[in-house]
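To start, the structure under review is shown below, and the notes come after it.
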Amino acid sequence: MISHITILLGTEEPSYKDLTNIVLWSIAAGIPFISFYDYKGLLKQSEELFQDQIKDEKSLDDHIIWHNTHKGTYRNGYIGRKIHIKVLSALDGKAQFAELCKRYSQEKVDIEKMTVQTLDSCLKEYYEFPDPNLAIYFGKALSVYDYPPWQISITEFLNIQSHHNIHHKEFINVLSRYNKCEQRLGK
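Sequential numbering from 1497 applies to the sequence shown in this note's numbering.
In structure tokens:
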């Protein structure tokens, strides 16, 4: 089962209507986490427009939990379908890792106490989401465009030609292709 799907926009300009459809289809499929990665940062700059588009289109029973702003709030005991959404840009990749390292050096943390597990724990705290199971990228060439590399170690990458005018059958097809993949996890 997919717990987190990430959408890599690549070189495409964001289409809020089509990205909203992807969110709504993810809710219907029971996917609890979705992230959008736009290395150019256009989606992050206009995230409020994206939020408004989803708010206008979603069912009253659907609960959207935004993790970049305080516009969406989480309430315990909510009954109904819900999805957590995060919008990422290139600033959330290597630059964030560099900032974490800089913070540790300023705090003069004992180098002996720095472990891979410590860094992993700090990064997971920052990103909040589980590692994505599935990444959908658009276009002919696969490029992660500086997506945070520690997040995608077990991610399956599948392609759809474009998110512009995407049809629900294309989305269902990519979910079906993912479900047929054999997850060996390094074995």
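Even for Gly, the Cβ is constructed at its ideal location relative to N, Cα and C.
To the nearest angstrom, report how far apart residue i and residue j are at their CA atoms.
i       : j       : result
Cys1618 : Pro1510 : 30 Å
His1566 : Glu1678 : Because the pLDDT at His1566 is just 42, under 50, the model does not fix this residue reliably, and the point stays unresolved.
Tyr1533 : Asn1517 : 16 Å
Lys1636 : Glu1608 : 45 Å
Leu1671 : Ala1525 : 9 Å
Trp1646 : Ile1668 : 27 Å
Arg1673 : Ile1501 : 14 Å
His1664 : Ala1586 : 28 Å
Lys1536 : Gln1592 : 16 Å
Give me the residue from the options with the minimum Cα distance to residue i.
i       : options                      : result
Leu1596 : Asn1564, His1500 and Glu1621 : Glu1621
Looking only at its own chain, which residues have a Cβ that is under 8 Å from the Cβ of residue i, when we skip the five neighbours before and after it?
i       : result
Thr1569 : Below a pLDDT of 50, predicted positions are generally treated as unreliable, and Thr1569, at 48, falls in that range; the measurement from the model is reported next regardless. For Thr1569, where only same-chain residues beyond five positions count, the Cβ hits under 8 Å are Ile1561.
Ile1685 : Only positions 1497 to 1683 of the chain appear in this structure, which leaves residue 1685 out of reach.
Kindly list the residues whose CB is nearer than 7 Å to the CB of residue i, restricted to its own chain and excluding five residues on each side of it in sequence; keep chain order.
i       : result
Glu1666 : Ile1656
Lys1590 : Asp1642
Might you give, ordered along the chain, the residues of its own chain that have their beta carbon closer than 6 Å to the beta carbon of residue i, omitting 5 neighbours on each side?
i       : result
Ser1639 : none
Ile1662 : Asp1514
Is the beta carbon of residue i sitting closer than 8 Å to the one on residue j?
i       : j       : result
Tyr1643 : Leu1504 : yes
Asn1629 : Ser1499 : yes
Ile1523 : Asp1548 : no
Tyr1512 : Leu1545 : yes
Glu1553 : His1660 : no
Gly1506 : Phe1634 : yes
Give the C-beta separation of residue i and residue j to the nearest angstrom, bearing in mind that I take them to be a contact with Cβ-Cβ under 8 Å.
i       : j       : result
Phe1625 : Lys1598 : Not really, about 23 Å apart at Cβ, beyond 8 Å.
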